[in-house]
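Engineer: Provided herewith is a single structure, encoded as structure tokens, for subsequent inquiry.
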Amino acid sequence: MHYLATGGTIASSTATDQGGAGASAPTEGVSPRLTAEDLVSSVGALPAGIAVTAEQFEQTASTNLTFEHLVALSARATMALRDGAHGVVITQGTDTIEETSFALGLLNPTDRPVIVTGAMRNPTLAGADGAANILGALLCAGAEALAGLPAVVVFNDEIHDPWFVRKAHTSSTATFTSGPTAGPLGWIHEGQPRLAHRPSPPPRVLPRTDCPPIAMVPLSLGDPLHYLADLPRLGYAGVVLDAFGGGHVSASHMRAITRLAAEIPVVIGSRTGSGEILRSTYNFEGSEMSLLRAGCVSAGVLTSRKARVALALLSAETPDDPLRRWKEFTERY
Ligand code: SIN
């Protein structure tokens, strides 16, 4: 199988130490330095039947990744899968896995999975989780049970669907969750990946490098959002409103949002981070019903961040009608 390393905590060390628990002064700070080969070696002896080719794709914090990186990373993974790799493992920083894994699944045209993982404890810390997560990812990459799934996140011995997975804790090694909307797809038991259930095949998008800027606007109590009307002028081609509760805004925002929705796609997401956007429950000014009447569209079951990724990729795929396939994404369940 093929392994693509991009940096993140899993690859991070100090300038003076190249790993080893307790090796560094806690105040010195770490940054991505360890190579793809270092990380494969950190796993130790690989299980029988697993052979890995390692490649350094990037060496950065995951907050620096862009849609251009993701399209190129996906192209590299696709090439490896088409060249016969059973699966591709990608390691990266955990901060953006909930977005990157979702994009990598949408961009994977093959029936072999891309497995994304990382670590919460860097290799200089006691109990570093990187090697165990890489091993889990390699086991999943070789597993027939995962064939047909375009991408999964494997972390802390759990297997997550990129459509639901979120980073939900700043430092815990159990930071990734697909709850409370869904649970993990499965887990790893004594070296064996187990799937409790399989999602239906998700839609895919064509890889295009020219994703236009899509804004995500956080709604918070009393914020007048003066910049809302300026977003098209600032170059944004779409907006996801990270709205209150089931998909609500203040009545005072409705005039600006109505004007905005006449110019660019406006998607209603929820700042709760889980559950599905309401469609027909509340009918006050600023409710989901008033937003839909104003021309906004729902993020459905997608979190605001995942809806933003979908809108960016679809805007690049079909610039003159980015919402043409939107229901494939929001009415999948
Ligand atoms: C990053 O996302 O690159 C830093 C944090 C992490 O890997 O956990």
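My numbering puts the first residue of the sequence shown at 423, with every later residue one more than the last. Idealized CB from N, CA, C, for every residue including glycine.
Does the Cβ of H670 have 16 or more other Cβ atoms within 10 Å, making it buried, or fewer, making it exposed?
Structural biologist: Buried, since its Cβ has 16 or more Cβ neighbours within 10 Å.
Engineer: Count Cβ pairs between the segment 549-556 and the segment 454-468 that sit closer than 8 angstroms; are there 3 or more?
Structural biologist: Flag = yes, the segment 549-556 and the segment 454-468 touch.
Engineer: Hey, is the segment 730-745 in contact with the segment 630-644, meaning 3+ C-beta pairs nearer than 8 angstroms?
Structural biologist: Yes, they touch.
Engineer: Following a CB-centred definition, is G509 positioned closer than 7 angstroms to any heavy atom of ligand 1?
Structural biologist: G509: no, Cβ never under 7 angstroms from ligand 1.
Engineer: For S720, verify whether its CB is less than 7 angstroms away from any heavy atom of ligand 1.
Structural biologist: Not under cutoff, so the answer is no.
Engineer: Quick one: what does DSSP say M501 is sitting in, helix, strand or coil?
Structural biologist: Helix, per DSSP.
Engineer: Assuming G429 and Q514 are in contact, meaning their beta carbons sit under 8 angstroms apart, how far apart are those beta carbons, in whole angstroms?
Structural biologist: That belief holds up - the Cβ atoms of G429 and Q514 are roughly 7 angstroms apart, short of 8 angstroms.
Engineer: Pick from I512, T482, N530: whose alpha carbon is nearest that of P624?
Structural biologist: If we check each option's Cα against that of P624, N530 comes out closest.
Engineer: Can you tell me whether DSSP reads V465 as helix, strand or coil?
Structural biologist: The answer is coil: DSSP assigns V465 none of H, G, I, E or B.
Engineer: Rounded to whole angstroms, what's the CA-CA distance from G608 to D505? Just pull it up for me.
Structural biologist: Roughly 28 angstroms separates the two Cα atoms.
Engineer: For M423, which three-state DSSP category applies?
Structural biologist: Correct three-state label for M423: coil.
Engineer: Hey, P606 and E566: beta-carbon distance below 8 angstroms or not?
Structural biologist: Going by C-beta atoms, P606 is not nearer than 8 angstroms to E566.
Engineer: For F479, count the other beta carbons within 10 Å of its own beta carbon; 16 or more makes it buried, fewer makes it exposed. Which is it?
Structural biologist: The residue in question, F479, is buried, as its Cβ has 16 or more Cβ neighbours within 10 Å.
Engineer: Take every Cβ of the segment 660-668, pair it with every Cβ of the segment 716-735, and state whether three or more of those distances are shorter than 8 angstroms.
Structural biologist: Yes: the two stretches touch, three or more of their Cβ pairs being nearer than 8 angstroms.
Engineer: Is any heavy atom of ligand 1 found at a distance shorter than 7 angstroms from the C-beta of G605?
Structural biologist: No, ligand 1 has no heavy atom inside 7 angstroms of this Cβ.
Engineer: Counting C-beta neighbours from all protein chains within 10 Å, is the total for N705 16 or more, i.e. buried, or is it exposed?
Structural biologist: It is exposed - the Cβ of N705 has fewer than 16 other Cβ atoms within 10 Å.
Engineer: Taking a contact to mean a Cβ-Cβ separation below 8 angstroms, would you say L700 touches E685 in this structure?
Structural biologist: Contact: no.
Engineer: Taking the alpha carbon of G509 as the reference point, which residue from I537, H491, A497 has its own alpha carbon closest?
Structural biologist: Of I537, H491, A497, the residue nearest in Cα terms is I537.
Engineer: Could you tell me how far apart the beta carbons of A476 and Y425 are, in whole angstroms, since I believe they sit closer than 8 angstroms?
Structural biologist: With a Cβ gap of about 5 angstroms, A476 and Y425 count as contacting.
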